[in-house]
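Numbering (my numbering), first residue to last: 126 to 308. Please read the structure below before turning to the comments.
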Amino acid sequence: MDHTNYVIDNMISAKSIAARVEALAADISAEFKDTDKLVVIGLLRGSFVFIADLVRELDLPVEVDFLETSSYGESMESSREVRILKDIRGEIEGRDILVVEDIVDTGHTLHHVINLLSSRKPKRMSVCVLLDKPSRREVAVDVNFTGFEIEDKFVVGYGIDYAQRNRNLDHIGAVRFTGEAAQ
Ligand code: IMP
Ligand code: MG
Numbered sequence: 126m127d128h129t130n131y132v133i134d135n136m137i138s139a140k141s142i143a144a145r146v147e148a149l150a151a152d153i154s155a156e157f158k159d160t161d162k163l164v165v166i167g168l169l170r171g172s173f174v175f176i177a178d179l180v181r182e183l184d185l186p187v188e189v190d191f192l193e194t195s196s197y198g199e200s201m202e203s204s205r206e207v208r209i210l211k212d213i214r215g216e217i218e219g220r221d222i223l224v225v226e227d228i229v230d231t232g233h234t235l236h237h238v239i240n241l242l243s244s245r246k247p248k249r250m251s252v253c254v255l256l257d258k259p260s261r262r263e264v265a266v267d268v269n270f271t272g273f274e275i276e277d278k279f280v281v282g283y284g285i286d287y288a289q290r291n292r293n294l295d296h297i298g299a300v301r302f303t304g305e306a307a308q
C-alpha cells in the first residue's frame with residue numbers, strides 16, 4: 126500500500142467526546158423514555174466505538190444490531206453509490222429504532238440506509254451521528270442527534286479510519302499530509 130505520510134492534528138479530545146456522548150445519551154433516553162425496547166443499529170465499521178460508549182450511557186432497554194454499507198475503500202472521497210454489505214439480523218417492523226453513524230458527510234450513506242430501514246416500517250426511527258460536516262452535504266438527511274459539527278477536514282480516531290488505520294485513537298484528529306513519501 127502506498128500512502129503519502131501524514132500527521133494527525135488533535136481536533137476533539139477524549140474528554141470532550143465522553144461529555145458529549147453522555148449528553149446525547151440523556152437526550153435519547155428522554156426521547157424514547159416510554160419504549161419497551163430500543164433497537165440501536167450501528168453502521169459498521171466506523172461507529173463501533175461510538176455505539177459501545179453510547180449504549181452504556183442509555184437509560185433504556187436496548188438491543189444492538191449492525192449494518193454494513195460499502196465504504197470509501199482507500200479513497201477519501203464518497204463513492205455516492207451505497208451498497209449493503211451486511212444487513213441487520215433482527216426484524217424492525219413496529220419497533221423503535223435508533224440509527225447510529227460516525228459521520229454524515231455527503232449524506233448518501235444515511236439517505237440510503239434511512240430509506241431502506243423506513244421501508245421496513247419501524248414504529249419510530251431516530252438518527253444519531255457523532256460528527257456532521259454540513260458544508261459537504263449533497264443530499265438532505267434528517268439527523269435527530271448530532272455530537273459535533275465540524276469543518277470539511279478528513280478525520281480519524283474513535284473508531285473512524287483512514288484506509289483502515291487510526292481507528293484505535295481515543296480522540297478525533299484531522300489528517301494532514303506532510304508531502305513526504307511513505308515508509
Ligand atoms: P457520506 O455517504 O458521504 O455521508 O459518507 C459517510 C461515510 O463516509 C461515513 O460513514 C464515514 O465512514 C465516511 N467518512 C466521511 N468523512 C470521513 C472522514 O473524515 N474520515 C473517515 N471517514 C469518513
Ligand atoms: Mg461509514
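Backbone N, C-alpha and C define an ideal beta-carbon position, used for all residues, glycine too. Note that the structure is predicted; figures quoted are calculated from it, not measured.
Practice task
State the Cα-Cα distance for the pair Val189 and Thr160, rounded to the nearest angstrom.
Solution key: Taking the straight line joining both Cα atoms gives about 15 Å.
Handout entry: 7 Å CB neighbourhood of Lys248 in its chain, flanking five on each side removed
Key = Here Lys248 has Gly219, Arg220 and Asp221 as same chain residues with Cβ atoms under 7 Å from its own Cβ, once five neighbours each way along the sequence are excluded.
Practice task
With a 10 Å radius around its C-beta and 16 neighbouring C-beta atoms as the bar for buried, classify Met201 as buried or exposed.
Solution key: By the neighbour-count rule (16 or more Cβ atoms within 10 Å), Met201 is not buried but exposed.
Problem - 9 Å Cβ cutoff met for Val281 and Ile166 - result: The criterion of a C-beta distance shorter than 9 Å is not satisfied by Val281 and Ile166.
Exercise for the section: Output the boundary residues of the alpha helix (DSSP H) element that contains Asn135. Expected result: Following the DSSP letters along the chain, one finds Asn135 in no alpha helix (DSSP H) but inside the beta strand (DSSP E) bounded by residues Tyr131 to Ile137.
Exercise for the section: On a CA-only basis, which of Leu242, Val187 and Leu223 is nearest Asp212? Give me that one, please. Expected result: Per the Cα distances, Leu242.
Problem - Residue(s) in a DSSP beta bridge with Ser244 - result: Looking at the DSSP output, Ser244 shares a beta bridge with no other residue.
Practice task
Quick one: using the 10 Å Cβ neighbour count with 16 as the cut-off for buried, is Phe175 buried or exposed?
Solution key: Counting Cβ neighbours within 10 Å, Phe175 comes out buried, since at least 16 surround it.
Exercise for the section: Answer with buried or exposed for Leu235, where buried requires no fewer than 16 other C-beta atoms within 10 angstroms of its C-beta. Expected result: Leu235 counts as buried, since at least 16 other C-beta atoms from the protein chains shown sit within 10 angstroms of its C-beta.
Problem - beta-carbon Arg301 near the ligand IMP non-hydrogen atom, thresh 8 Å - result: Outside the cutoff, so no.
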